[in-house]
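At position 169 of the sequence shown (counting the first as 1) the number is 165 in our numbering, and the numbers step up by one without a gap. Every residue gets a Cβ at the ideal spot worked out from N, C-alpha and C, and that includes glycine. The structure appears right after this line, and notes come after that.
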Amino acid sequence: MGFWDSLLGRSKPVEPDLDQLFGLPSAALTLQAAISFTPTGAGSVCFASIEGGAFTQVQQEVRALLDADSERAHASVEFSRDAYGYSWLLSRRGADDLPALVGDLHAVNTALQDGGFGPQLLCSLVPFRDAELRPLALVYLYKRGTFYPFAPLPGQMRDNPLELQVKAVIKDELRIEEDLSRWFPLWGAPGL
-3 MGFWDSLLGR
7 SKPVEPDLDQ
17 LFGLPSAALT
27 LQAAISFTPT
37 GAGSVCFASI
47 EGGAFTQVQQ
57 EVRALLDADS
67 ERAHASVEFS
77 RDAYGYSWLL
87 SRRGADDLPA
97 LVGDLHAVNT
107 ALQDGGFGPQ
117 LLCSLVPFRD
127 AELRPLALVY
137 LYKRGTFYPF
147 APLPGQMRDN
157 PLELQVKAVI
167 KDELRIEEDL
177 SRWFPLWGAP
187 GL
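Structure (C-alpha cells):
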C-alpha cells in the first residue's frame, strides 16, 4: 500500500483463505442447534468459464481427484454452466458427511487456484434445509475470504430476516461478510 492508495481510499484486496472452509462443519452444528437447519449433502463451486486446453486439463484433474476418493461410493460430481455463463462443480455426499464435502470443495478451489485460475473463482456454497424444507446456503466469497447466508424464497425473493438471523447465529464460527451489498443472490445455484 502506497501513500496515494491510502489517501485515495484504496485498500489492498483481502487474500483468499481457503482454510476458512474448514469452519463450515462447526457452523453447521451451531445452525442445527440454534435454528434446526441441517446440511443437504451437496456443495458447489462457481467459477468464471474459461476456454482452452489448460482449463480443460485442470477440470479433468479435479474430476479425477474427486472420483479417486474411495469413500465416494455414494457420491457424485457434476459440472454445469448457468444462464450467466458461469461454470459450477457440484459435489454430493451423504447429508451427515459435511467434513468430507468441505474437503471436496477445498480440493476443487485449491486445484483451480494452483492451476493459475484463482481470479476466475467466485464462490463456494453449502446448502441447508430445515424441517419445513426451507432452503438456506452458506456462501464463501473467494475474493473476499468471507461468508454470507443466502435464503431464497419462491419468485426470486429472499428471506432477509432468516439471513440476518443466520448471520447472528454463526458470527463466531465463520468470518461473515459485513458489506450486505455483497450478499449476492445465487438463483438456481446447483445443489440449492
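Within the same chain, Cβ atoms closer than 8 Å to the Cβ of Pro181 are found at Phe146, Pro148, Gln152, Arg154, the five residues on either side in sequence being excluded. As a beta-bridge residue in DSSP terms, Glu74 pairs with Leu86. By the 16-neighbour rule on beta-carbons within 10 angstroms, Ala164 is exposed. In the structure shown, Pro95 adopts helical secondary structure according to DSSP, grouped into three states. Cβ atoms of Glu173 and Leu137 come within 8 Å of each other, at about 6 Å. By the neighbour-count criterion, in which 16 or more other beta carbons inside 10 Å mark a residue as buried, Gly39 falls on the buried side. Judged by pairs of C-beta atoms under 8 Å, the stretch 127 to 134 does not touch the stretch 91 to 105, as fewer than three such pairs exist. About 13 Å separates the beta carbons of Leu14 and Thr142, which is beyond the 8 Å limit, so they are not a contact pair. Note: Val122 is bridge-paired with Leu134 in the DSSP secondary-structure output. The three-state secondary structure of Pro115, taken from DSSP, is helix.
The three-state secondary structure of Ile46, taken from DSSP, is coil. Boundaries cannot be given for Thr36, as no beta strand (DSSP E) includes it and DSSP labels it neither H nor E. In the three-state reduction of the DSSP assignment, Leu25 falls in the helix class, which pools H, G and I. The beta carbons of Thr26 and Arg125 sit no closer together than 8 Å. For Phe18, the three-state secondary structure derived from DSSP is helix. Going by DSSP, Pro157 is part of the alpha helix (DSSP H) stretching over 156 to 166.
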